[in-house]
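Using the numbering used here, the first residue of the sequence shown is number -5, and each one after it goes up by one.
Backbone N, C-alpha and C define an ideal beta-carbon position, used for all residues, glycine too.
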Amino acid sequence: MNYFVLATHAVTVDGEWVTPEVVQPVDFGSLHCIYCKLQIGVRFDPLTATKMFMHLPGNINNIPRLKTCRFSKLQTVTEQTSSQTILPTEKRLRPVNTTIRQWRCCWCDTCWHGDKICPQCDEWIYALEDNH
């Protein structure tokens, strides 16, 4: 297995359900996966300053348990379907008959009044109605 299996939540030794955002440093060594019962480690991303839960199989004998974990199956399904569901930019159809209103682009942070297509980055999927 050449990839890491991330987890969205874990359980402490006391049975408390925790997420990476609320886990206490005291519990870092005592986290386990709900589904496969393997130990969970906490990974810090220095660029985004976020914490993530990652399975720690320990030895080679725990790999079959890790492969059958629900979190492992979720990652492989999303990896397979992610390229199929998102179309490349050139294949997306431009919207027609959009409402003229105040828009804000979440991608380039531009505000404008008019059609939903951003005048700066020429995208429309990141445009939200600006209520300010």
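Helix, strand or coil at Lys67 according to DSSP, with G and I counted as helix: helix
Between Arg64 and Thr13, what straight-line distance do the alpha-carbon atoms span, to the nearest angstrom? 16 Å
For the 8 Å Cβ check, are there 3 or more pairs between the region 25 to 32 and the region 49 to 68? yes
Counting C-beta neighbours from all protein chains within 10 Å, is the total for Val167 16 or more, i.e. buried, or is it exposed? Lying outside -5 to 126, the shown extent of the chain, residue 167 is not represented and no answer is given.
Whole-angstrom C-beta distance between Asp124 and Trp97, which should lie under 8 Å: 6 Å
Out of Arg59, His107, Thr42, state which residue places its alpha-carbon closest to the alpha-carbon of Thr93. His107
Nearest by alpha-carbon distance to Leu25: which of Val7, Lys110, Pro58 is it? Val7
His49 and Ala121 closer than 8 Å at C-beta: no
Using DSSP with H/G/I as helix, E/B as strand and the rest coil, what is Phe52? The residue you asked about is not Phe; residue 52 is Gly in the sequence shown. Here Gly52 sits in coil by DSSP.
If you measure between the beta carbons of Ala4 and Phe47, is that distance less than 8 Å? yes
Take the Cβ of Thr54 as the centre, count every other Cβ of all protein chains shown within 10 Å, and call the residue buried at 16 or more, exposed below. It should be noted that the sequence gives Ile, not Thr, for residue 54. That one is exposed.
Buried/exposed call for Cys127, threshold 16 Cβ in 10 Å: The requested residue 127 is not part of the displayed model; the chain covers only -5 to 126.
So which of Glu10, Val36, Trp11 has the shortest CA-CA distance to Pro19? Val36
Do you know how far the Cα of Ile119 is from the Cα of Gly192? It is not possible to answer for residue 192, since the shown part of the chain is limited to -5 through 126.
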